[in-house]
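Worksheet: one structure, shown below.
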Amino acid sequence: MAIGVMMIHHGQEKLADPQQFANIYVASLHLPFPLFFAYAAGFSELIGSWLVILGLLTPVGALALTGTMTVAAYQHILTAGLNIYVLELVVLYLGGSLALLLVGPGRFSFDAGMLKGLLLKPVVRIKPETSAPSAGISGLAPAYVPIKASNSNR
Numbered sequence: 010m011a012i013g014v015m016m017i018h019h020g021q022e023k024l025a026d027p028q029q030f031a032n033i034y035v036a037s038l039h040l041p042f043p044l045f046f047a048y049a050a051g052f053s054e055l056i057g058s059w060l061v062i063l064g065l066l067t068p069v070g071a072l073a074l075t076g077t078m079t080v081a082a083y084q085h086i087l088t089a090g091l092n093i094y095v096l097e098l099v100v101l102y103l104g105g106s107l108a109l110l111l112v113g114p115g116r117f118s119f120d121a122g123m124l125k126g127l128l129l130k131p132v133v134r135i136k137p138e139t140s141a142p143s144a145g146i147s148g149l150a151p152a153y154v155p156i157k158a159s160n161s162n163r
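For the sequence shown, this note's numbering begins at 10 and goes up steadily by one.
What follows is the structure, given as structure tokens:
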């Protein structure tokens, strides 16, 4: 959640003045349509952050954050070299979002609840033809399947 909460600020900052972000950061990458990529970075950080915070479609949100932070790390290396003071925060966000992408959202997320509902199939109980011994405390009993002998030596 910390990665998502902290990344919201970065997305909002980009979307507050996308033209300035495009002129300062995106233009240094020599990408076509810098304003488009400024909006893409801002929305991927903003929407990706909320998806990570809510634990809803977490891989999609983590992928958006990882992609944006990968480009940001590349941009910082391109313009400032391997300056730890410039790269530190970007690499921390990149590592956190990459970890979420690879490990997943966790058991207390909406994704886990949705996945559990999709993977669990209803249990169908079939009563055996012969009587089974009492199930005991656990409520489980061995299933007996009647087998008919066949005359295979004809």
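Yeah, the Cβ is synthetic: ideal placement off N, Cα and C, and Gly gets one too. All figures in this text were calculated on a predicted structure; none of them were measured in a lab.
How big is the Cα-Cα spacing for residue i and residue j?
i, j, result
"A11", "T88", "28 Å"
"A81", "V99", "7 Å"
"G115", "A121", "7 Å"
"F117", "A31", "38 Å"
"N58", "G70", "As written in the sequence, residue 58 is Ser, which differs from the Asn given in the question. Answer to the nearest angstrom: the Cα atoms are 6 Å apart."
"L60", "L111", "15 Å"
"E22", "Y83", "20 Å"
"P68", "F119", "12 Å"
Give me the residue from the options with the minimum Cα distance to residue i.
i, options, result
"M78", "G90, G104, P41 and W59", "G104"
"A25", "I62, P114 and G51", "G51"
"L63", "K157, I156 and G113", "G113"
"A73", "P155, G13 and F42", "G13"
"I48", "G70, W59 and G20", "As written in the sequence, residue 48 is Tyr, which differs from the Ile given in the question. When only C-alpha atoms are compared, the closest one is G20."
"M15", "L66, I56, Q29 and I93", "I56"
Given that a residue counts as buried once 16 or more other Cβ atoms are within 10 Å of its Cβ, and exposed if not, what is residue i?
i, result
"V35", "buried"
"L101", "exposed"
"P43", "buried"
"M123", "exposed"
"H18", "exposed"
"L66", "buried"
Whose C-beta lies closer than 6 Å to the C-beta of residue i among residues of the same chain, with five residues either side of it excluded?
i, result
"S37", "T88"
"L40", "F46"
At a cut-off of 8 Å, would you count residue i as near the ligand PLP, judging by its Cβ distance to the nearest heavy atom?
i, result
"L66", "Among the components modelled here there is no ligand, and therefore nothing to report on the ligand PLP."
What does a CB cutoff of less than 7 Å around residue i pick up in its chain, not counting 5 residues either side in sequence?
i, result
"T75", "L103, S106, L107 and L110"
At 4 residues or longer, and completely inside the stretch 37-120: list those alpha helix (DSSP H) runs for me, N to C.
DSSP runs (the alpha helix (DSSP H)) wholly in the stretch 37-120: 43-63, 67-89 and 93-112.
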